[in-house]
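For reference, the structure discussed in these notes is given below.
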């Protein structure tokens with residue numbers, strides 16, 4: 338049974354149970370954070386680095402968390418920012434335009450080592466990779482994780498209306514990419 | 004100019020069809036619902052298609068705990084790829100420094116070789132004198148000190164030109180040649 342966020346936060350504020358609370362928090366959220374990162378950066382090592390960085394930040398800053406938003410929203414906000422930061426670093430490191438980073442990620446999807454899905458799933462991933470990074474985040478959260486627009490609004494700091502429009506545009510682009518036969 | 008009475012009313016030929024706005028609304032709603040619920044068959048369960056190494060979740064937990072300890076190592080020490088990047092960067096800096104040092108020395112020695120070949124003997128002597136200016140200065144200081152210690156106040160002594168002329172006349176040229184070596 339998973340511990341409630343409220344209990345985790347209470348335990349974290351007491352020095353004697355701080356480490357226990359952190360362990361519970363890792364157990365509860367590590368997979369969700371990892372999979373969010375993995376869908377964005379595709380590479381396992383990058384996703385692992387991002388996940389660890391997210392939890393280290395949580396450890397050092399959870400005291401400052403004021404419960405204005407849910408713990409899950411706060412963690413996802415950190416994870417989303419880390420994903421975007423890593424993708425930006427990748428671009429800067431190799432002085433590549435956005436399309437080339439997508440090309441690198443597409444190559445990883447195409448290799449057996451990183452992705453073992455069937456042809457439909459592979460094509461869907463390649464179509465998603467053609468979306469702009471923030472739109473890809475919105476698409477992944479809504480399509481794969483069924484996160485509500487209201488929660489997404491808290492995570493990404495964007496209005497619900499803008500997120501709906503973004504998701505609908507993303508779906509249309511993905512459909513168009515799949516139908517174009519270029520993938 | 005068009006009068007308000009000229010605008011067609013009721014069911015005239017160019018009026019808005021009945022239920023036009025309702026149809027438009029329903030069409031947009033249908034399209035929005037389609038986009039909202041769009042999905043490819045079997046493509047939502049993405050996580051089983053990405054490979055994760057055995058025992059990875061526990062390894063990740065250990066990694067997070069190691070990095071979140073108060074006396075944790077600096078961040079880069081825990082990223083193997085950053086360590087590589089640091090090592091490569093260091094090697095690059097060292098090789099650039101060595102090549103620059105070698106290049107400067109080569110340019111300098113080339114410059115000196117060219118100068119020596121083209122310079123006149125007077126210019127070379129001037130260069131040597133300039134190079135040894137400190138030695139000359141030091142020698143003068145030692146001589147001045149030695150003279151003052153022996154209370155030989157020759158600075159204020161007026162030269163008696165008649166006496167000097169007699170001394171020169173008495174000099175035996177052969178003696179000078181015998182006592183000095185000439186190159």
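Protein chains in written order, with the numbering used here: chain B, 338 to 520; chain E, 4 to 186.
From the three backbone atoms N, C-alpha and C, an ideal C-beta is built for every residue, glycine too.
For residue 406(B), there is no enclosing alpha helix (DSSP H), as DSSP marks it with neither H nor E. When the Cα atoms are used, residue 395(B) and residue 421(B) turn out to be separated by approximately 17 Å. Residue burial is scored here from C-beta neighbours: residue 90(E) has fewer than 16 other C-beta atoms within 10 angstroms and is therefore classed as exposed.
Residue 66(E) has a beta carbon lying within less than 8 Å of a beta carbon in chain B. For residue 42(E), the closest alpha carbon among the candidates 479(B), 486(B), 494(B) is that of 479(B). Assignment of residue 23(E) by DSSP, reduced to helix, strand and coil, places it in the helix class. For the pair residue 503(B) and residue 496(B), the CB atoms are not nearer than the 8 Å cut-off.
Along the stretch 350-381 of chain B, the positions whose C-beta sits under 9 Å from a C-beta of chain E are 356, 359, 360, 363, 364, 367, 368, 371, 372, 375, 376, 379, 381, read in chain order. For chain B, the residues of the stretch 30-47 of chain E that bring a beta carbon within less than 8 Å of one of its beta carbons are 35, 38, 39, 41, 42, 43, 44, 45, 46, 47, in chain order.
Using a Cβ-Cβ distance cut-off of 8 Å, the stretch 371-380 of chain B and the stretch 339-353 of chain B are not in contact, since fewer than three pairs of beta carbons, one from each stretch, lie closer than that value. The distance from the Cβ of residue 47(E) to that of residue 481(B) is about 6 Å, consistent with a contact at the 8 Å cut-off. Of the candidates 486(B), 439(B), 461(B), 459(B), the residue whose Cα lies closest to the Cα of residue 469(B) is 439(B). By alpha-carbon distance to residue 445(B), the top candidate from 429(B), 462(B), 493(B) is 462(B).
Collapsing the DSSP output to three states places residue 476(B) in a helix. The beta carbons of residue 458(B) and residue 93(E) sit no closer together than 8 Å. Nearest CB-CB separation between residue 111(E) and chain B: not below the 8 Å threshold. In this structure, the alpha-carbon of residue 397(B) lies about 17 Å from that of residue 386(B). DSSP places residue 494(B) in no alpha helix (DSSP H); its state is neither H nor E. Spanning the alpha carbons of residue 164(E) and residue 170(E) requires a straight line of approximately 10 Å. A Cβ-Cβ distance of about 14 Å is found for the pair residue 473(B) and residue 484(B), leaving them out of contact under the 8 Å criterion. Legend: CB atoms of the stretch 470-494 of chain B lying less than 8 Å from CB atoms of chain E belong to residues 480, 481. Collapsing the DSSP output to three states places residue 427(B) in a helix. Among the CB atoms of chain E, one or more fall inside 8 Å of the CB of residue 457(B).
Boundaries of the alpha helix (DSSP H) harbouring residue 170(E): 164-173, taken from the DSSP string.
For residue 71(E), the enclosing alpha helix (DSSP H) begins and ends at 59-71. Proximity to residue 389(B) across 369(B), 402(B), 400(B), 406(B) peaks at 369(B), based on C-alpha coordinates. Burial of residue 383(B) is indicated by the presence of at least 16 other C-beta atoms within 10 angstroms of its C-beta. Using a CB distance cut-off of 8 Å, residue 497(B) does not count as an interface residue toward chain E. Counted as a single uninterrupted DSSP element, the alpha helix (DSSP H) harbouring residue 388(B) occupies residues 381-398. Taking 8 Å as the threshold, the shortest C-beta distance from residue 392(B) to chain E falls below it. For residue 402(B), the secondary structure class from DSSP, reduced to helix, strand or coil, is coil.
Taking a Cβ-Cβ threshold of 7 Å, the residues of chain E close to residue 508(B) are 38, 41, in chain order.
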